[in-house]
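In the numbering used here, the protein residues as written are 304 to 620.
Positions of the beta carbon are idealized from the N, C-alpha and C atoms, including for glycine.
Beneath this line is the structure, given in structure tokens, with notes to follow.
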């Protein structure tokens, strides 16, 4: 399952569209901005060089306040009021309305979860442990809204837990190409954050544009810009993905992602490649009507000089 945010993976999920060859577990084809979290080649976070952080780039309000002078604290309080929970209320409200609306043509809901050996996003390892990643999506026509999370199974990786809300609107042309506009609220519930969801420092907001080509030209393009971050970082992330014809029952996918310039969020000194990878996905047939999608991804962050090999499995009704 997934959300339409930049992501390199062949997506057994995320932008969360119902898909599949058969009932039970299913695998989705590459989606704009989300080459499946299962393939973990998705858009990523800060890299991990010697002096770089390898966990989510989020600072708790408590630590931040200790570093600020009184005048700066007052400025930050005003900033928090601007980005208080009210700023994000429209997303859960949209989720509620979608769930409560009477059945209509083009309306659907989907749930699912991925289990991955590592949560690697845009070239960074979050939590350095296995993670469970549940997803919930409501679709009404061209509009999709949903929630997606990633939770480390290790207590030491709890600082990298993630709980996002997202929305996207997609328009499809007659030849099968699609264009999408997305918004994602990345929420990192750090264990030591004293204000929880209402702590604006734990949120990062991103606007994105995506393109997925028709079957004759199945390339996917993604561009995301941060519109709110605790460090006033407006970083831009760019990504391109290309599915490769299946080889003996194995679907392959290539992805390349980069920052457009200097970024504190992604920890780059300028434009840099932070996410290169290849993913392979297949299905383990359990019965004639039930198959288990599995994937393996090899991911490299050239800027951080790190590489990852990730295994994942996807579950969905």
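In chain order, 528 and 563 place their CB closer than 6 Å to the CB of residue 539, counting only its own chain and leaving out the 5 sequence neighbours on each side.
Residue 618 has its alpha-carbon roughly 27 Å from the corresponding atom of residue 516. Beta-carbon to beta-carbon, residue 560 and residue 541 are separated by about 7 Å, close enough to satisfy the 8 Å threshold. Per DSSP, residue 462 lies in no beta strand (DSSP E) and is assigned neither H nor E. For residue 504, the closest alpha carbon among the candidates 533, 585, 458 and 605 is that of 533. If you draw a 10 Å sphere on the C-beta of residue 577, you find 16 or more other C-beta atoms in it, and that means buried. Residue pairing by DSSP places residue 471 opposite 447 and 485 in a beta bridge. Scanning 620, 606, 602 and 519 for the CA closest to the CA of residue 592 turns up 620. At least 7 Å separates the beta-carbon of residue 491 from that of residue 509. For residue 608, the closest of 435, 570 and 523 by C-alpha to C-alpha distance is 570.
Around the Cβ of residue 488, a 10 Å sphere holds 16 or more other Cβ atoms; the residue is buried.
Where residue 593 is concerned, the enclosing beta strand (DSSP E) starts and stops at 593 to 604.
Counting every other CB atom within 10 Å of its CB across the protein chains shown gives residue 549 a total below 16, marking it as exposed. Residue environment for residue 429: buried (at least 16 other C-beta atoms within 10 angstroms of its C-beta). Between residue 604 and residue 434, the beta carbon gap of about 18 Å keeps them out of contact (Cβ cut-off 8 Å).
Of the candidates 460, 486 and 482, the residue whose Cα lies closest to the Cα of residue 467 is 486.
For a cut-off of 8 Å, the C-beta gap from residue 556 to residue 419 is around 16 Å, too long to register as a contact. Ranked by how close their Cα comes to the Cα of residue 473, the residues 421, 522 and 513 have 513 in first place.
For residue 588, the uninterrupted beta strand (DSSP E) run begins and ends at 575 to 590, by DSSP. Residue state for residue 499 is assigned as helix, using DSSP reduced to three classes. For the pair residue 598 and residue 584, the CB atoms are nearer than the 7 Å cut-off. About 7 Å separates the beta carbons of residue 409 and residue 443, which is inside the 8 Å limit, making them a contact pair. Partner residues in the beta bridge of residue 609, as assigned by DSSP, are 604. With contacts defined by Cβ atoms closer than 7 Å, residue 449 and residue 424 do not form a contacting pair. Here residue 455 is buried, its C-beta having at least 16 other C-beta atoms within 10 Å.
Distance from the CA of residue 494 to the CA of residue 461, rounded to the nearest whole angstrom, comes to 7 Å. For residue 513, the enclosing beta strand (DSSP E) begins and ends at 506 to 515.
Here DSSP, grouped into helix, strand and coil, assigns residue 493 to coil.
In this structure, residue 447 places its C-beta atom within 7 Å of the C-beta atom of residue 471.
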